[in-house]
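One structure is given here, and the rest of the page talks about it.
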Amino acid sequence: MKKIILLCVLLCANTLADLTPILKGLNERKDLEKILVDLLNEMTGSDDEITCMTFVCDAVYLNVFDGDLFKRTMAVPIVMIVVEDYEDLLSPNFDTLESLREARKDGCNVYVILLANGLQTSRLLRFGDRYRILDTRAKYIMLHDYRLFHSDLHYLWKRIINVLFLRYHSISVGAPKSKAWFDLSTVPFPNPIKSVFVSRRVDIWNNGRFHYNRTLFADKTSNLNNEVLNVVYLDHVPSVVVTKTNETNKVGGVEIEILNTLAKQMNFQPKLYQPINADLYKWGQVQANGSFSGLLGEMVNGQADVALGNLQYNPYHLELTDLSIPYTSQCFTFLTPEALTDNSWKTLILPFKVREAGGPVSVWRDNKQHSLHLRNAARRVFTQATHRMVPETSNWVVLVILHSGRRILQSQHDRYSRKPCPQSHN
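In mature numbering (1 follows the signal peptide of the UniProt record, and there is no 0), the protein residues as written are -17 to -1, 1 to 409.
Written as structure tokens, this is what we have:
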């Protein structure tokens, strides 16, 4: 009888020992759901507007995002991405890639990444930064994992600075009444990361409350603590003007003055330098091996923190680096003689190549009737105001040009027509 009882006790003990990791994991995910509810509600209640949230998780943490999480948080658009544990996020599959692109396109400014494998998280961040699939200026919440702080990834934490790392602490042994808690930390920016990454504590979450009630995503760029920023520049008048002397080169210009003002207000020291073979490569272009040369190459490779050189605000540059708010706008105008033959409609497409002519032709075709209607309407208004008709001999050319999604009417003399192409610079 004693042997049977002893055997039953041993079997029960072994069963409980086997279930302990499972129960611990369930408790961790339950507590993780609670802290996410508090974090998301705290963020949605702040002054910063949350346009959209992106959740990236695996099968291990999928049950964190159950119905209770969505019921207890504010109504915000959400993009949900579930990845397999074997998926290489340095080269994600089509579904994952398209979901990440849609999240970036929709302007999601909050990312919650819960992956049990820290290597997957690191590879996702590297891929998202390299190809600008992830918005590095967004706010990030992810699990604390030492594999994220390897020296090869230190460059990421100069770009992704609005981040919270959640580190779970289970119930202490010998203190049965204690409860599990989370340590919330972030990157040490603007302080430089030297040989070892040391995170900075933000707050402690325990039993449904934040211990210090600090701002979760404080502004880290208003005061850079006199840090040195590498600034690459390209000689381009009037943005950057280089005056060569016998000993040194004096750098001035509009963008240099803006840089000095920013350095004074944000408390940093600019270190100016030019890219290798700047006279040859100038702004730079993609090379045969996929790398970039010139000014853009310094930004893409992470060598420079700021770039100056009359960069135009266009999609090509936005795919490579972040651009500041444009400080000026320039209008480029070209003149072309109007055709005096029956094919005067060709005036609008003469300056373009054959492939580029399709846009103006389609604009002209789609808006021909609309232009005639507007011209007749203008004549009627003019007639009502002056009680006389517009002479039929008046000869004007009306061009309909698409600009920023709006139709602009522009009247020019019959001898010349012009088409403005505004370009903004940052």
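Every residue gets a Cβ at the ideal spot worked out from N, C-alpha and C, and that includes glycine.
- Boundaries of the beta strand (DSSP E) harbouring residue 37: 36 to 40, taken from the DSSP string.
- Taking a contact as a CB-CB distance under 8 Å, the pair residue 125 and residue 148 counts as one, their CB atoms being some 6 Å apart.
- Boundaries for residue 127: no alpha helix (DSSP H) harbours it, and the DSSP string shows neither H nor E there.
- Taking a C-beta distance under 7 Å as the contact criterion, residue 251 and residue 180 do not qualify as a contact pair.
- Non-local beta-carbon contacts of residue 197 in its own chain, meaning distances under 8 Å to residues more than five positions away in sequence, involve 185, 186 in chain order.
- CA-to-CA, the gap between residue 258 and residue 306 works out to about 19 Å.
- Going by beta carbons, residue 39 and residue 116 fall outside the 7 Å limit.
- 178 is the residue among 310, 178, 163, 91 whose C-alpha sits nearest the C-alpha of residue 137.
- Ranked by how close their Cα comes to the Cα of residue 222, the residues 313, 43, 200 have 313 in first place.
- Bounds of the beta strand (DSSP E) holding residue 168 are 164 to 169.
- Inter-residue distance for residue 106 and residue 135 is about 11 Å (C-alpha atoms, whole angstroms).
- Judged by DSSP in its simplified three-state form, residue 290 adopts strand.
- For residue 34, same chain residues with a beta-carbon under 6 Å away, outside a window of 5 residues either side, are 90, 92 in chain order.
- Nearest in C-alpha terms to residue 164, of all of 311, 256, 15, 317, is 15.
- Under the rule that a run must span 3 or more residues, the beta strand (DSSP E) segments found entirely inside the segment 30 to 76 read 36 to 40, 61 to 65.
- Between the alpha carbons of residue 315 and residue 295 lies a distance of about 13 Å.
- Of the candidates 182, 214, 77, the residue whose Cα lies closest to the Cα of residue 256 is 214.
- Looking at the backbone, the Cα of residue 212 and that of residue 13 are separated by about 43 Å.
- In the structure shown, residue 222 falls within a coil segment according to DSSP collapsed to helix, strand and coil.
- In the structure shown, residue 186 falls within a strand segment according to DSSP collapsed to helix, strand and coil.
- Closest by C-alpha distance to residue 29, out of 139, 199, 151, 261, is 199.
- In the three-state DSSP reduction, residue 152 falls in the strand class (E or B).
- Here the alpha carbons of residue 122 and residue 144 stand approximately 8 Å from one another.
- At the C-beta level, residue 37 and residue 57 stay beyond 7 Å of one another.
- Taking each of 239, 236, 217 in turn and checking the Cα distance to residue 277, the smallest one comes out for 217.
- Note that the segment 283 to 292 touches the segment 231 to 242; at least 3 beta-carbon pairs, one per stretch, sit closer than 8 Å.
- Closest in C-alpha terms to residue 210, from the list 247, 309, 81, 227, comes 247.
- Judged by beta-carbon spacing, residue 267 lies within the 7 Å limit of residue 280, meaning their Cβ atoms are closer than that value.
- Where residue 253 is concerned, the enclosing beta strand (DSSP E) starts and stops at 251 to 256.
- Judged by their CB atoms, residue 225 and residue 237 are not nearer to each other than the 7 Å cut-off.
- If you draw a 10 Å sphere on the C-beta of residue 270, you find fewer than 16 other C-beta atoms in it, and that means exposed.
- In the DSSP assignment, residue 210 falls within the unbroken beta strand (DSSP E) covering 210 to 216.
- Residue range 277 to 283 is occupied by the alpha helix (DSSP H) that includes residue 283.
- Boundaries of the beta strand (DSSP E) harbouring residue 94: 93 to 97, taken from the DSSP string.
- CA-to-CA, the gap between residue 71 and residue 245 works out to about 40 Å.
- The beta carbon of residue 94 sits closer than 6 Å to those of 37, 121, 123, all from its chain and outside the five residues before and after it, given in chain order.
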